[in-house]
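Numbering (our numbering), first residue to last: 1 to 957.
Cβ coordinates follow ideal geometry from the N, Cα and C atoms, glycine included.
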Amino acid sequence: MAVGLACGAAHAQTTDSAGTDTASDPASSAIVVTGTRIQRPEQTSNSPLSTVSSNEISLQGATSVESVLNRMPQFTADANENVSNGSDGTSNVNLRHLGSSRVLLLIDGRRMLPQQAVDTNFVPSSLIDRIDVVTGGASAVYGSDAVSGVVNFVLKKDLDGFRMDFQNSLFQHNNNNSYLRGIVAGQGYATAPSSVVDGGKLDVNASFGKNFADGRGNITVYGGYRQTNPITQDSRDISACALDPTDDAGTGLLCGGSSNNQWGLFTPLSGPNQGKTYNNTKDGAHTWAPYDSSYLYNYSPSNYFQRSDKRYTAGAMGHFEISPAAEVYGDFMYMRDHTFSQVAPSAFFQGTTFSINCDNPYLGAGQAQTLCGSAAGTSQTEDAFIGYRLTTPRRDDLRHEDYRYSAGVRGEIATGIRYDVNFLRSEVYYNETYLNNVDNVKAQRAIDVVNVNGVPTCRSVVDGTDPSCLPLDIFSSSSIDPTNLQYIFSPSSTKSRNTQTVWSGNLSADLTSYGIQSPFANRGIGLSLGLEHRRETLVFTADEIAQQAGTTNSDGVIAVNEAYGEIEVPLVSDRPFIHDLTLNGGLRYSSYDNSQQSTGFKSHFEAWTFKGELSYAPTPDLRLRASFNRAIRAPNISELFGAVSLGNVTGVDPCAGTNPTLPLEACERTGVTASQYGSIIQCPAGLCVEQYGGNRDVKPEKANTYTIGLVLTPRALRRFSLSVDYYHIKVNDYISTIDPSLTINQCATTGDPYYCGLFHRDPRSGVIFGDQGYVVATTLNTGYLMTSGIDVTSNYNLPLGKLGSLDFDLVGSYLTSLTTEPLPGLGTYSCKGLYGYTCGEPSPKWRHQLRTTLNFAGPNKASLSLAWRYFGSVKLSDTGAANAYDNKIKAYNYFDLAGTITFDNKLTLRAGVNNLFDKDPPAVVEGVLSSFGNGNTYPGVYDALGRSIFIGASVQF
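This is the structure in structure tokens:
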């Protein structure tokens with residue numbers, strides 16, 4: 001902010017009360033305002049605008065920009081480095097609890113990457129000058145996707161010299177939660193070490209720039225490397241085992257686990273003991289015993305709590321002023337990111353139907369009798385579910401390679417009249433290889449074994465269908481030959497290519513010099529007109545193994561033509577009781593053409609967005625502002641044409657078990673047959689399966705945003721500023737899915753045929769897991785999202801004489817409503833102050849960060865800064881099962897300490913500790929966790945890994 005940024009280098013995170021933002025054009029003194037395309041000096045913002053400075057990033061010791069934004073109370077954690085199972089390796093941000101797809105990310109005012117492939121890892125944190133955040137709809141100014149707001153990463157430019165930045169960090173945590181350690185030990189599992197130091201992160205960046213032609217031109221190049229070491233869940237008390245409630249009321253915790261266990265589970269789906277469940281005995285004999293909870297497998301230890309990651313960034317940017325009327329500019333940015341997610345070893349997972357021949361030479365006599373009855377020893381086959389956990393962790397090899405380049409020309413062609421013509425291209429290449437996973441086709445061949453001259457041999461070897469098959473003895477807890485095991489592992493691969501091409505032209509005019517103004521104002525009308533063409537493409541392919549697991553190929557194209565205009569009219573200036581009265585309006589027309597080459601599908605739609613803003617300052621000390629924005633979000637390519645796939649989702653089947661929760665009549669509405677009722681197997685480890693993917697019939701969602709606020713900058717207290725803004729956002733026909741847990745709950749409690757019709761049960765067993773059973777959760781236009789609240793931002797600089805000065809920076813947000821209507825007319829639910837089940841991550845009523853920085857006087861710039869992060873208490877939503885233990889998560893207070901010192905403006909040293917007191921995160925049972933939960937907590941919200949210690953240095957010359 002104009003006031004805040006003048007307060008000193010230690011000034012951290014502020015709201016831009018003056019709304020100013022230096023233009024990227026060094027040849028002009030114009031000001032570019034985030035939230036409007038109109039350029040003019042001394043402009044103010046009518047939209048709530050927050051800024052994170054580069055100094056704040058340094059004080060946090062941040063190497064990823066999403067972690068910086070997640071500290072702001074306006075943001076909720078999204079995809080991040082602490083998500084492993086199901087991660088695609090990207091990081092995103094979620095503004096106003098409305099989802100990452102509804103916030104538009106820009107770099108220097110232009111789109112970052114294709115919206116469906118945005119990854120904040122692309123932005124090198126050391127190159128950021130500041131981050132501007134406009135909250136509230138801004139589609140009339142920036143186009144689709146700016147429903148909850150805009151995040152603009154402003155990069156450092158005009159570097160003249162060499163700069164290098166180095167930072168190293170790690171986590172230190174004391175595992176001393178006696179309650180959780182007792183639970184783990186009582187189950188016979190290994191407890192976490194008493195003290196750990198792990199998760200090291202190394203970030204090295206270098207840049208070089210050179211001014212030339214008397215400062216009319218500059219070329220800057222940069223490169224960077226970041227490495228993150230993994231952390232597994234066995235290293236923390238919170239995650240050493242999967243937590244379940246001790247009883248139906250959820251009064252305590254116990255270690256749960258998966259019935260897909262390391263000894264081997266069998267559920268016959270035919271034969272004399274259909275529906276009963278048996279386990280290989282633990283003594284290694286070829287015998288079965290009735291299954292019970294003592295066989296549960298602890299799948300947590302090998303799961304990643306922090307993914308391993310290596311990222312390389314490089315780029316160049318330059319500009320050269322030929323004349324005031326023509327400045328050519330361009331930039332190139334590149335990122336290569338390679339990360340692994342890791343989860344528990346693969347298995348013969350329940351849900352896939354395997355056939356077992358009754359004359360299998362590995363079957364014990366008792367096992368054959370139990371499975372086949374009188375057919376034991378014959379060639380007859382019986383079907384069964386098998387849950388046999390193997391030993392090698394599954395790893396997901398995730399690789400991204402992103403390119404972004406642009407070129408343009410801009411200048412001032414007449415007094416106050418400027419233009420900017422630009423070409424932008426970005427490409428995202430994604431390759432995923434899933435390793436150490438059981439290939440069910442090969443697994444079936446490996447257990448279909450016959451006796452050939454006393455040698456157990458795969459039937460596929462005998463009949464020649466697969467001569468490479470190696471037999472597996474799965475009927476004992478310790479008889480699988482590890483040399484044969486590799487046969488059933490087949491890596492699966494998928495890859496995609498996303499592109500974005502943007503042609504844009506903008507003309508901005510300040511008509512003051514031409515006398516076109518209100519007779520009561522001291523400045524003229526401002527105008528901005530522009531055209532934009534955008535084309536986005538997607539090509540997604542899956543190999544045979546991935547398709548075997550339910551993934552399909554996909555492609556699509558979105559082409560958009562847009563025209564927009566914006567006008568700002570200063571009505572009155574410097575009159576009694578009216579220091580300034582200004583009106584601003586904007587309008588954008590968008591025409592979309594969608595197509596899919598593989599199917600010949602085409603669709604077209606048009607949309608209008610608009611805005612109106614009013615700013616009234618009775619005195620220079622106080623400004624009141626209000627705005628209305630109509631925003632849209634057109635479906636992105638993934639939502640339209642994304643591949644249909646199957647994936648795990650937290651859920652409990654109310655029709656499973658010997659005594660189902662629901663009566664037969666209710667279960668029949670979900671697809672259960674009378675013969676299946678009472679014998680359906682429960683989703684293992686609380687993980688059912690959902691079918692997700694695109695829907696070509698999805699239409700744009702529409703949003704109305706209201707804001708009203710004030711900015712106080714009293715002349716009597718010159719180093720103080722305060723802004724208070726109320727926001728209200730309602731998104732109609734929002735593009736989403738029906739959360740499977742909501743589908744299950746609504747069908748169970750209401751019997752609504754719509755929800756019950758989303759069940760697709762395995763036709764043989766009735767389960768909703770595996771490769772044939774799932775809950776449909778593909779994309780569709782749903783009901784509405786509505787959120788409102790109050791943002792409060794204040795900063796004050798207190799001079800301390802010879803000691804220096806003290807800065808206070810507060811950013812807080814109070815949530816007044818957060819309501820969702822899943823489908824029109826089917827009721828709503830509120831998530832204000834709640835978490836879990838359908839609400840997902842915690843949504844406290846109040847959050848804030850207060851940073852207090854002492855700037856020492858002296859020849860060397862030095863500072864000591866303390867940040868207080870407050871996250872309000874939340875209660876468990878009542879849309880799921882009762883859970884007394886997790887009914888409430890108390891309020892959390894975190895304190896972060898950091899210090900910096902600069903020598904001769906060339907060398908800066910910094911060090912800090914985040915989560916100074918090593919506060920444990922809240923323990924949440926696995927059945928409550930939903931989006932972005934991991935390790936029995938929400939690691940994107942709470943500091944899950946302990947205290948973070950960092951040291952860094954920057955040198956420039």
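Can you tell me whether residue i is helix, strand or coil according to DSSP?
{"i": "I321", "result": "In the sequence on display, residue 321 carries Glu and not Ile. Strand at E321."}
{"i": "C688", "result": "strand"}
{"i": "D904", "result": "coil"}
{"i": "A443", "result": "helix"}
{"i": "Y403", "result": "strand"}
{"i": "Q369", "result": "helix"}
{"i": "L5", "result": "Low confidence applies to L5: its pLDDT is 29, below 50, so where it sits in the model is not reliable enough to give any reading."}
{"i": "L587", "result": "strand"}
{"i": "L646", "result": "strand"}
{"i": "I949", "result": "strand"}
{"i": "A674", "result": "coil"}
{"i": "R633", "result": "strand"}
{"i": "S355", "result": "strand"}
{"i": "T76", "result": "strand"}
{"i": "A521", "result": "coil"}
{"i": "F641", "result": "helix"}
{"i": "T392", "result": "strand"}
Do residue j and residue i come within 8 Å of each other at the CB atom, strictly closer than that value?
{"i": "S741", "j": "E841", "result": "no"}
{"i": "F332", "j": "Y429", "result": "no"}
{"i": "D762", "j": "G751", "result": "no"}
{"i": "Y299", "j": "P230", "result": "no"}
{"i": "N46", "j": "E613", "result": "yes"}
{"i": "C241", "j": "Y179", "result": "no"}
{"i": "L810", "j": "L710", "result": "no"}
{"i": "A580", "j": "S615", "result": "One detail in the question is off: residue 580 reads as Asp in this sequence, not Ala. Yes; because the gap between Cβ atoms is below 8 Å, this pair is in contact."}
{"i": "Y514", "j": "V560", "result": "no"}
{"i": "T609", "j": "S139", "result": "yes"}
{"i": "N883", "j": "D807", "result": "no"}
{"i": "N82", "j": "A944", "result": "yes"}
{"i": "I729", "j": "Q350", "result": "no"}
What is the residue span of the beta strand (DSSP E) that residue i lies within?
{"i": "Y429", "result": "I417 to L435"}
{"i": "F605", "result": "F601 to T619"}
{"i": "A867", "result": "K861 to F871"}
{"i": "L59", "result": "No beta strand (DSSP E) holds L59; the alpha helix (DSSP H) holding it covers S54 to Q60."}
{"i": "Q306", "result": "Y304 to Q306"}
{"i": "V328", "result": "A326 to F348"}
{"i": "P268", "result": "L265 to P268"}
{"i": "Y142", "result": "Careful: Y142 lies outside any beta strand (DSSP E), inside the alpha helix (DSSP H) at S139 to Y142."}
{"i": "L966", "result": "Nothing in the structure corresponds to residue 966, since the chain is present only between 1 and 957."}
{"i": "T698", "result": "Checking the displayed sequence, the identity of residue 698 turns out to be Val instead of Thr. From DSSP, V698 is part of no beta strand (DSSP E); its letter is neither H nor E."}
{"i": "L507", "result": "S492 to D510"}
{"i": "Q380", "result": "Note, Q380: premise wrong, no beta strand (DSSP E); not H, not E."}
{"i": "L485", "result": "Note, L485: premise wrong, no beta strand (DSSP E); alpha helix (DSSP H) at P482 to L485."}
{"i": "E532", "result": "G526 to A542"}
With respect to the alpha helix (DSSP H) encompassing residue i, which residues constitute its N-terminal and C-terminal limits?
{"i": "N94", "result": "Segment V93 to L95 is the beta strand (DSSP E) holding N94; no alpha helix (DSSP H) there."}
{"i": "S67", "result": "V65 to N70"}
{"i": "R102", "result": "Counting along the chain, R102 falls outside any alpha helix (DSSP H), and DSSP gives it neither H nor E."}
My assumption, with CB atoms under 8 Å, is that residue i sits in contact with residue j. Please give the rounded CB distance.
{"i": "N218", "j": "H319", "result": "6 Å"}
{"i": "T787", "j": "L818", "result": "5 Å"}
{"i": "D203", "j": "R226", "result": "5 Å"}
{"i": "E701", "j": "Y734", "result": "5 Å"}
{"i": "Y692", "j": "I708", "result": "In fact, because the Cβ distance is near 39 Å, the residues do not count as touching under 8 Å."}
{"i": "D402", "j": "F122", "result": "5 Å"}
{"i": "P635", "j": "V698", "result": "4 Å"}
{"i": "T251", "j": "Y885", "result": "6 Å"}
| query | In the stretch 784-843, which residue ranges form an unbroken beta strand (DSSP E) of at least 3 residues, counting only runs that do not cross its ends? | reply | 784-799 and 804-821, all fully within the stretch 784-843.
| field | Continuous beta strand (DSSP E) assignments of at least 3 residues falling wholly in the stretch 151-180 | value | The qualifying runs are 161-174.
| request: Enumerate, from N- to C-terminal direction, the unbroken beta strand (DSSP E) stretches of 3 or more residues contained entirely within the stretch 706-781. | output: Counting only runs of 3 or more residues that sit fully inside the stretch 706-781, the beta strand (DSSP E) segments are 720-732 and 774-776, in chain order.
| query | Which whole runs of the beta strand (DSSP E) in the stretch 212-238 are 3 residues long or more, in chain order? | reply | The stretch 212-238 contains these whole beta strand (DSSP E) runs: 217-228.
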